Amino acid sequence: MHNILAAILGLIEGLTEFLPVSSTAHLLIAEKLMAFSDPGGNFTVMIQLGAILAVVVLYFARLFKAVITLPTSADSRRFAISVLVAFFPAVVIGVVVKKSGILGALFDNIPLICCALIVGGVALWAVDKYAPKPVHHDSAKLDIKTSLLIGLFQCLAIIPGMSRSGSTLIGAMVAKVDKTAGAEFSFFLAIPTMLGAFVVEFADSHKELTSDQYSSIAIGFLVAFLSALVVIKPFISFVQKRGYGFFALWRVVVGVAGLVWWFGFAHAA
């Protein structure tokens, strides 16, 4: 039964990781609803890498070309530097929060997560509607200032419910990056960010993980990878045509429903 729940959670992760709705919030709320045991949040953090691998597969040719041409191509070096610059703030804030020991408390705070969903949804709607006209149209050619600003926005995702993808997409629109380029850059930035989170989490907890936990993580990881493969391209197409209004509304509805459930049923019980 635990493995069936792991598969369901893997599906939720894969379907929501690249949408600006906070996959972490959806996972944590679903885990509470299903009474899924995830000591230390290991499962939640580690299966996210499965979804990230879907980006590597779908954009493999582009990423591989950038890597092998680093020594000879100024464009490839510029792309790599822009991703690393955007990644750097997350490293700093991640180290600080990890040492503070508050991450577990944040992950356990369902009302905070729901409020973050609502606040992030309102912010996403506002920026989507009133963002300045884009001047950047290629995710591989962002300047250092633009990349750093997006990376700073990504740090908001340290609060579960704010959404890593949602925060970076808001940052991209504020930085005058068009929606398609912003979404792609968010995908690329997710690779070092989530790989780093996976490595840190695994290094800290692998000795304490049981065989059952490894089994659940493997199942969730695989399902997250497969479901993310299905979502990424349609998401890009949807955003090009309709923007982020639907996802903003989704966040608010889920956040309000989560608060009603928590205070009306779960918390009262």
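Quick note, the sequence shown lines up with residues -6 to 262 if you use the numbering used here. Beta carbons are placed, not taken as given, at the ideal position from N, Cα and C, and that holds for glycine. Remember, predicted model here, so these are calculated numbers, not experimental data.
#1: Along the chain, where does the alpha helix (DSSP H) containing T186 start, and where does it finish?
#2: Looking only at DSSP bridge pairs, what is H130 linked to?
#3: So for K25, helix, strand or coil by DSSP?
#4: Identify, in the order they occur along the chain, each residue of the same chain with its Cβ nearer than 7 Å to the Cβ of A150, setting aside the five sequence neighbours on each side.
#5: Quick one: Cα of I103 to Cα of G251, how far?
#6: Considering only residues of the same chain and omitting the five flanking positions on each side of K172, which have a CB-CB separation below 6 Å?
#7: Alpha carbon to alpha carbon, what distance is there between P127 and L110?
#8: Please classify V223 as buried or exposed, where buried requires at least 16 neighbouring CB atoms within 10 angstroms.
#9: Pull up the distance between the alpha-carbon of L215 and that of K226, whole angstroms please.
#10: Specify the secondary structure class of E6 as computed by DSSP and reduced to three states.
#11: Below 8 Å, can you find three or more Cβ-Cβ pairs linking the stretch 198 to 211 to the stretch 83 to 90?
#12: Under 8 Å by Cβ, that's how I've got T139 and A168 pegged, so tell me the actual separation to the nearest angstrom.
#13: Report the rounded CA-to-CA distance for Q206 versus R55, giving the unit in angstroms.
#14: Could you tell me whether any Cβ in chain B is nearer than 9 Å to the Cβ of G248?
#15: Work out the CA separation of W243 and V192 for me, nearest whole Å.
#16: Am I right that Q41 and S15 are in contact with their C-beta atoms under 8 Å? What's the rounded C-beta distance?
#17: For the stretch -1 to 10 against the stretch 43 to 50, do three or more pairs of beta-carbon atoms, one drawn from each stretch, fall closer than 8 Å, so that the two count as touching?
#18: Quick one, which of T9, A18, H(-5), P13 has its alpha-carbon nearest V249's?
#19: If you draw a straight line from the alpha carbon of G113 to that of Y123, how long is it in whole angstroms?
#20: Taking 9 Å as the threshold (C-beta atoms), are V49 and I184 in contact?
#21: Could you name each continuous alpha helix (DSSP H) segment of 4 residues or more that falls completely within the stretch 80 to 147, going from the start of the chain to the end?
#22: If you count every other CB in all the chains shown that lies within 10 Å of the CB of T65, and 16 or more means buried, which is it?
#23: Just the Cα atoms here: how many angstroms apart are P13 and D121?
#24: Where does V223 fall in DSSP's three states?
#25: Closest to L117 by C-alpha separation, out of A176, A241, F256, would be which residue?
#26: Using the Cα positions of A79 and I143, report the straight-line distance between them to the nearest angstrom.
Taking the definition as stated:
#1: 172 to 198
#2: Answer is none; H130 lacks a bridge partner.
#3: helix
#4: S156, R157, S160
#5: 8 Å
#6: V232
#7: 26 Å
#8: exposed
#9: 19 Å
#10: helix
#11: no
#12: 5 Å
#13: 35 Å
#14: Looking for chain B here will not work: only one protein chain is present.
#15: 31 Å
#16: With 8 Å as the limit, Q41 and S15 do not qualify as a contact, their Cβ atoms being about 12 Å apart.
#17: yes
#18: A18
#19: 15 Å
#20: yes
#21: 96 to 101, 103 to 123, 137 to 147
#22: exposed
#23: 12 Å
#24: helix
#25: A241
#26: 6 Å
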